[in-house]
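Residue numbers (the numbering used here): 24 to 156.
All C-beta atoms, glycine included, are put in the ideal place defined by N, C-alpha and C.
Only a predicted model underlies this, so the values are computations on that prediction, with no experimental measurement involved.
Below: the structure, in structure tokens.
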């Protein structure tokens with residue numbers, strides 16, 4: 024029981040992190056472009072506009088995935104509730120591996136959104152007719 028509870032907490036760490044940081048990034052991205060914290064890619068670090076856009080976009084994805092992964096993780100772990108330590112640890116490790124896919128996989132849609140919204144120099148792409156049109 025204690026080991027199962029420990030593994031449950033470990034498997035909930037990723038979805039909870041995605042929920043907490045996702046919500047934070049959506050509402051208030053880090054103010055400064057940092058090499059230590061945040062969504063850091065060459066494209067997102069070009070300027071403050073790309074930095075904020077990337078965090079809001081990635082934060083929204085993380086939050087949504089966290090909402091999906093949290094109850095699914097609990098359900099999966101409940102299936103292993105009175106099982107032996109080997110089964111619980113295998114299930115927990117596999118679950119953590121599966122959770123990593125959407126966590127890291129948000130890089131691809133975020134980079135694609137950055138590419139659609141900004142040019143190579145980090146300037147917003149023109150959307151809509153010119154003001155004097």
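Beta-carbon contacts of residue i that lie in its chain and below 6 Å, excluding the five residues immediately before and after
i: residue 154; result: Note that residue 154 scores a pLDDT of 46, beneath 50, so its modelled location is shaky and nothing firm can be said.
i: residue 88; result: 41, 125
i: residue 99; result: 118
Terminal residues of the alpha helix (DSSP H) in which residue i lies
i: residue 79; result: 71-102
Beta-carbon proximity check, residue i vs residue j, cutoff 8 Å
i: residue 73; j: residue 137; result: yes
i: residue 82; j: residue 120; result: no
i: residue 56; j: residue 71; result: yes
i: residue 103; j: residue 114; result: yes
i: residue 132; j: residue 96; result: no
i: residue 157; j: residue 84; result: Absent from the model: residue 157. The displayed extent of the chain is 24 to 156, so no value can be given.
Beta-ladder partner(s) of residue i, from DSSP
i: residue 147; result: 141
Closest residue to residue i among the options (Cα-Cα distance)
i: residue 28; options: 141, 131, 101; result: 101
i: residue 135; options: 76, 43, 32; result: 76
Residues near residue i by beta carbon distance below 8 Å, same chain, minus five either side
i: residue 152; result: Any reading at residue 152 must be qualified, since the residue scores a pLDDT of 49, below 50, and its modelled position is unreliable; the value itself is stated next. Within the same chain, residue 152 has no close Cβ partners at all.
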